[in-house]
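**Q** Take 1 as the starting number for the sequence shown in UniProt numbering and just add one per residue. Virtual Cβ for every residue (Gly too), placed ideally from N, Cα, C.
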Amino acid sequence: MADTYNKNPGRVAAGLKAAINNPNVSEEAKERASDRLENLGDEVERAPDYSASDQDTNRVLGGYKATLHNDRTSADAKEHAREVLETAGYSVERNPGLSDDEHEKRIISGYKAALHNPRVSEGAKRHAREFLEEHGAL
């Protein structure tokens, strides 16, 4: 079971609820998520209510996350993004057991997945293609 220490319990609960309602998640995983959600109990007063404002906030924070991994971004901009994300309750350190090579593979995989995702904008797909071409992965 993943450690939820230093994580926002509301976000953990939201992720567990999403897993429970996701048709692509196995019944076994849904049961584990349901058990974990029940164990969170008192830590979560109510389910997060995602309004349009919350969705905008999530997009903005997603932009700051992307900034951290953009090789064209200045060190000052990355530091600012790190500060904003930490203030919002996100941990911004990369998995310490992940090698640089594996990290790069995951980034490339994410961009390749974006090219095939119908919910990704054309602008984002264009950026993904540019990144993949620059890194010889297309």
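By alpha-carbon positions, which one of His135, Asp101 and Val120 ends up nearest to Arg59?
**A** Val120
**Q** Alpha carbon to alpha carbon, what distance is there between Tyr90 and Asp76?
**A** The straight-line gap from Cα to Cα measures roughly 19 Å.
**Q** How big is the Cα-Cα spacing for Asp123 and Leu16?
**A** Residue 123 is actually Gly in this sequence, not Asp. Each residue's Cα considered, the two are about 31 Å apart.
**Q** Can you tell me the Cβ-Cβ gap for Ala128 and Ala114, rounded? I've got them flagged as a contact below 8 Å.
**A** 4 Å
**Q** Please state whether DSSP places Tyr90 in a helix, a strand or coil.
**A** Tyr90 falls in the coil class under three-state DSSP.
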